[in-house]
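Protein chains in written order, with my numbering: chain F, 1 to 304; chain B, 1 to 304; chain Y, 1 to 304; chain C, 1 to 304.
We treat Cβ as the ideally placed atom computed from N, Cα and C, and that holds for glycine.
Quick caveat: nothing in here was measured; it's all calculated off a predicted structure.
Take a look at the structure below.
4 protein chains.
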Amino acid sequence: MPRIAYFGPTGTFTEMALARFEELGIFDEPVERVSATNPPAALQLLRDGEVTGAVVPIESSVEGSVPPTMDALALGPRLQILAEIELDVAFTVVARPGTTLGQVRTVGAYPVAGAQVRQWLAEHLPAAEVVASSSNAGAAEDVASGKVDAGVSTALAGRRLGLDALADGVADFAGARTRFVLVGRPAPVPERTGCDRTSVILQLPNEPGSLVRAMTEFATRGIDLTRIESRPTRREYGTYFFHLDCVGHVDDALVAEALKALHRFAHVRFLGSWAAVSEHGVPPVSDDDDEKWLQQLRRGEEQS
Amino acid sequence: MPRIAYFGPTGTFTEMALARFEELGIFDEPVERVSATNPPAALQLLRDGEVTGAVVPIESSVEGSVPPTMDALALGPRLQILAEIELDVAFTVVARPGTTLGQVRTVGAYPVAGAQVRQWLAEHLPAAEVVASSSNAGAAEDVASGKVDAGVSTALAGRRLGLDALADGVADFAGARTRFVLVGRPAPVPERTGCDRTSVILQLPNEPGSLVRAMTEFATRGIDLTRIESRPTRREYGTYFFHLDCVGHVDDALVAEALKALHRFAHVRFLGSWAAVSEHGVPPVSDDDDEKWLQQLRRGEEQS
Amino acid sequence: MPRIAYFGPTGTFTEMALARFEELGIFDEPVERVSATNPPAALQLLRDGEVTGAVVPIESSVEGSVPPTMDALALGPRLQILAEIELDVAFTVVARPGTTLGQVRTVGAYPVAGAQVRQWLAEHLPAAEVVASSSNAGAAEDVASGKVDAGVSTALAGRRLGLDALADGVADFAGARTRFVLVGRPAPVPERTGCDRTSVILQLPNEPGSLVRAMTEFATRGIDLTRIESRPTRREYGTYFFHLDCVGHVDDALVAEALKALHRFAHVRFLGSWAAVSEHGVPPVSDDDDEKWLQQLRRGEEQS
Amino acid sequence: MPRIAYFGPTGTFTEMALARFEELGIFDEPVERVSATNPPAALQLLRDGEVTGAVVPIESSVEGSVPPTMDALALGPRLQILAEIELDVAFTVVARPGTTLGQVRTVGAYPVAGAQVRQWLAEHLPAAEVVASSSNAGAAEDVASGKVDAGVSTALAGRRLGLDALADGVADFAGARTRFVLVGRPAPVPERTGCDRTSVILQLPNEPGSLVRAMTEFATRGIDLTRIESRPTRREYGTYFFHLDCVGHVDDALVAEALKALHRFAHVRFLGSWAAVSEHGVPPVSDDDDEKWLQQLRRGEEQS
């Protein structure tokens, strides 16, 4: 039975993402879920060989990239993203049975979640003090243990702990979504589906224009960049890793060309090519006609 | 007496940054310090006219950009950065007098700080549970109130609350620094010093290559970009604000050219030009000789 | 009375171009026409102070740029283009009075002209031998002197020498046109008209990509390049002068920017800005709004 | 016996170039030389199937590209360049036996040659009239027939016609060289030698920046462009063919990439890849390591 780590405890959105991967049949057999206290810890279990995969959040439509996930992917032995899933993120405010909104004096919230429900709290619980919890599920645990009166959590976490929902679908920003990825150790890249995403982490030579040059390798080949983030290397102030996502698959000829071009002047950590959960840009054009034309040139058959 | 907001409570690194600005004589007269619970709240006090300036953290050498500060600068009426300061960031682990390391079962830490001392905690307090605090100074308050046994905090906060220091200079990454900025409402740009930083937030047309185009406006003029960050707009999934910092001042001719070039195809929010605290790249070349040459051309005096 | 050199003898298309400049009132007073045996000779008279202006052909719609003109502009003291004119170029085949097509055994033709009437000759004078003349007007002189039976010339030259026209409007390529320029010594640039052309000759550093860089200085500013030619420097094999024409005037802010940008890394010989005879591309956008926006930024007045 | 056309008559530099190709063993067997009156005529014989190859001049270090050759390569069925040779170009001034410099009143010269010996003529034959001849060898024929007193020609042409050399090695520009190419009908491209040249003619979409884009396809791949020329299409005023030469061979991976990239947005006429007669730039880098790295990525073997 494969063991898959996730950012837990039980009841987090990340566990829901793992459940979704299971439903989609990504794994051939039932899996054993292994909780980790944060995304880097989940990836460390994978590097240590304790698990065969890890599910972590990578990007939120409200909060942007998830720094601990990105930093943990950049450092240590290379890992590879195998699949992705997106979840609507709306919170459930939970409390012990019988508690009413009017009785709530303290609210536990994972800081990332607290930032996404600030307006709701200001409107519905203006007098309550917000206390930091260690995760969304942890907020429910803080309620169950009596540490806080209410918690910004998930429906699943509340149910498991026998809590009531004071409010459902709580989110300041309608349509908030978070993307989660399934990460494994390096392996043959999944097959091209035609709707794929490729991700790399670059270390660029310390020269003016080297980032523009890297991005130009995609732009001149008509490849859509969908995300670019700089993250400090933590080694030297002012030096960065650059995380780039593009539309397409390493088996798309032009994406392959772009990666090889980057490899000529930068250190490229390849994070994988995998099926994108939705259309997210214009797919790269095919190289087939161009290649056929070139072969005709070489053989002296091209006439025009 | 000018009122200046800062990310508090008293004893945070941000308050130390404000103190440093005072020492440097940035303000002509003594200031009244106004604590705010987080960086966006400090900037909101400024927009509301409650204060005349705000000090907030903007970038850490370990954790990268500070998302709440960046997002609060991007939304709402335009604000302007007037000055910057950098502080070495090393933490003090505080406890109630008489407490020894061996007695510590729970440690309060602001999550950003917790991430920077993870190795230290694993080594020196391997069995302690880490509990989230609301700021670095808040961790000391949590110790004083008995909520936790020890706190990852600042020396200043510990002293003010009469706590003992269990350890000083605690940091997993040697040389960690954080940059803080003084923000005001739009005003005439401070004079060029020759060692300046300019910052903008861009909203780009939704076209392939528009980010490369924006960056090329700097690259072709030999202007060093020192930071680039994308942040979700929170309006539509997959749309971003781009935060760009470059070396130079709006009064450097080439920087002025680049800003005008951006303005032709993008929405540009100018965050200001101000004296950089240290050399951080190659300053833009002067335009003086080129302008003189051009004037000679126009008058028919250029001979070669 | 100003003396103006032209590529003669009398009766050439270049003399017609000079006549057109006179009709258009370019000169304030009547001019004395001074014939020169080729375009470089006309420009040499100007450099020697023998004349105050020179009219030379610069580009043909059939034959492309006129190399002797371009090379003579590139070498020696700088000269400046002040105005341009375009003429339809169709030839008149002239002969001594009484001659019929059937009697023509030899045809004089300036080689450039011969290339433009090759098909006509093959059809109407298939048996005639083509003999090189020194100019279009020279072909008529060769007829008058009895050296050849017929000449590919101009109507004007034939009339002046009392020759008959065997055929008029002779041209293999319908709509052939040639552009002529009036050249002077360096002087204040003529005023911007809104429909202008600017021309430079570049000597680029011997580095890969320097020509692309030069062209990018125009492209990123949305300035249309209308002509690019490389010409050997004649000093070292494989080294070139690059002749570039663009739409716009040195008083267009973006053209001025581009010229200054070129000046930072290349040797730029400015050949002038002058009124274009016809629309020949998209004029550069105005910089006025951008400059106004920038000034508001500097004063702290820009709100968005 | 293969028939090879050349720009004649006998005694031209082009015939010397053909002789050099024969000496080098380019042809497996003796060839029959077929004279053509100009470069386009030589290429037309090839297109008509009258000959199997043609030798034409393509570039002079003094006069630049040879327009009739370039235009004839651009129009009509595609032809392919198979080989190149360079010749030092210095002229021999010939006269009938017994003639002295002092007796020369008229000098025959092919206009291209006349332009390269202008200073010599001004110094040594200041009073002589220059008369246009149809080729360098034609100038010797004009001397032999008594049409002119002396001719700017080649040593070979003078010898064949029994003329004397008044002067040898005549050239205003020391080290003048001309490059000649052997052209055939489309055939499999000659093998890569590591010191090759590739040539294309582009028709670009009528959009601002399309030429820069084309050149960037070479620049971003580190491929040296060695020549760029625009030539009017003769169809519409202001429309051009662009002739580009680069260092490298279609079997160099990066050159192949660049050609395919051009093919995606432009009409590309491939003129061939062939061994360059001398080092003329930096050869393109190899793609082997990058391709190996990419294959390792795909198989999950890349570790860093």
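Not a single CB atom of chain Y sits nearer than 8 angstroms to the CB of residue 242/B. In terms of CA proximity to residue 115/C, 153/C leads the group 153/C, 96/C, 141/C. Between residue 266/C and residue 204/C the beta-carbon gap is near 5 angstroms, inside 8 angstroms, which marks them as a contact. Of all residues in the stretch 249-274 of chain B, only 250, 251, 256, 257, 259, 260, 261, 263, 264, 267, 269, 270 place a beta-carbon less than 8 angstroms from a beta-carbon of chain Y. Across the set 180/Y, 80/Y, 247/Y, the C-alpha of 180/Y shows the shortest separation from the C-alpha of residue 15/Y. Counting the other Cβ atoms within 10 Å of the Cβ of residue 221/Y gives 16 or more, which makes it buried. Under the rule that a run must span 3 or more residues, the beta strand (DSSP E) segments found entirely inside the stretch 50-84 of chain B read 53-60. By the 16-neighbour rule on beta-carbons within 10 angstroms, residue 149/F is buried. Here residue 80/Y is buried: its Cβ has 16 or more other Cβ atoms, across all protein chains shown, within 10 Å. Listed along chain B are 230, 238, 240, each with a C-beta nearer than 9 angstroms to that of residue 227/F. If you keep only unbroken beta strand (DSSP E) runs of at least 3 residues inside the stretch 144-230 of chain F, you get 150-153, 164-170, 177-184, 196-203. Residue contact with chain C for residue 280/Y: present (Cβ-Cβ distance below 8 angstroms to some residue of chain C). Within chain F, 263 have C-beta atoms less than 7 angstroms from the C-beta of residue 293/C, given in sequence order.
Distance from the CA of residue 74/C to the CA of residue 67/C, rounded to the nearest whole angstrom, comes to 11 angstroms. Below 8 angstroms, enough C-beta pairs join the stretch 81-99 of chain F and the stretch 180-191 of chain F to call them touching: three or more.
Nearest to residue 167/C by alpha-carbon distance, out of 77/C, 95/C, 173/C, 283/C, is 95/C.
Taking 3 residues as the shortest admissible run, the stretch 217-302 of chain Y contains the following complete beta strand (DSSP E) segments, listed from N- to C-terminal end: 225-232, 240-247, 267-275.
Contact with chain Y is found for residue 187/B, since one of that chain's Cβ atoms lies less than 8 angstroms from the residue's Cβ. The beta carbon of residue 76/F sits closer than 7 angstroms to the beta carbons of 47 from its chain, once the five residues preceding and following it are set aside; these are given in chain order. Contact between residue 91/F and residue 131/F is absent: CB atoms are separated by about 15 angstroms, not below the 8 angstroms threshold. Among the residues facing chain Y, residue 50/B is not included, as its CB has no counterpart in that chain under 8 angstroms away. In the DSSP annotation of this structure, the continuous segment of the alpha helix (DSSP H) that includes residue 123/C starts and ends at 118-124. Here residue 233/Y has 239, 240, 241 as same chain residues with Cβ atoms under 7 angstroms from its own Cβ, once five neighbours each way along the sequence are excluded.
A Cβ-Cβ separation of about 11 angstroms leaves residue 45/Y out of contact with residue 72/Y under the 8 angstroms criterion. With the rule of 3 Cβ pairs closer than 8 angstroms, the stretch 126-143 of chain F does not count as touching the stretch 195-203 of chain B.
Within chain C, the C-beta atoms nearer than 8 angstroms to that of residue 211/Y come from 215, 225, 228, in chain order. Within chain C, 78, 267, 269 have C-beta atoms less than 8 angstroms from the C-beta of residue 304/F, given in sequence order. For residue 88/F, the secondary structure class from DSSP, reduced to helix, strand or coil, is strand. The Cβ of residue 202/Y sits no closer than 8 angstroms to any Cβ of chain B. Here residue 273/B is near residue 249/B, since their CB atoms are less than 8 angstroms apart. In the three-state scheme derived from DSSP, where H, G and I count as helix and E and B as strand, residue 104/F is classed as coil.
Residue 32/B and residue 236/B have their C-alpha atoms spaced approximately 40 angstroms apart. Contact check for residue 99/Y and residue 164/Y: beta-carbon distance about 7 angstroms, within the 8 angstroms limit, so the pair qualifies. For residue 22/Y, the enclosing alpha helix (DSSP H) begins and ends at 13-23.
The beta-carbon separation of residue 88/Y and residue 177/Y, rounded to 6 angstroms, stays under the 8 angstroms limit for a contact.
Taking the Cα of residue 142/C as reference, the smallest distance to any Cα among 285/C, 161/C, 156/C is reached at 161/C.
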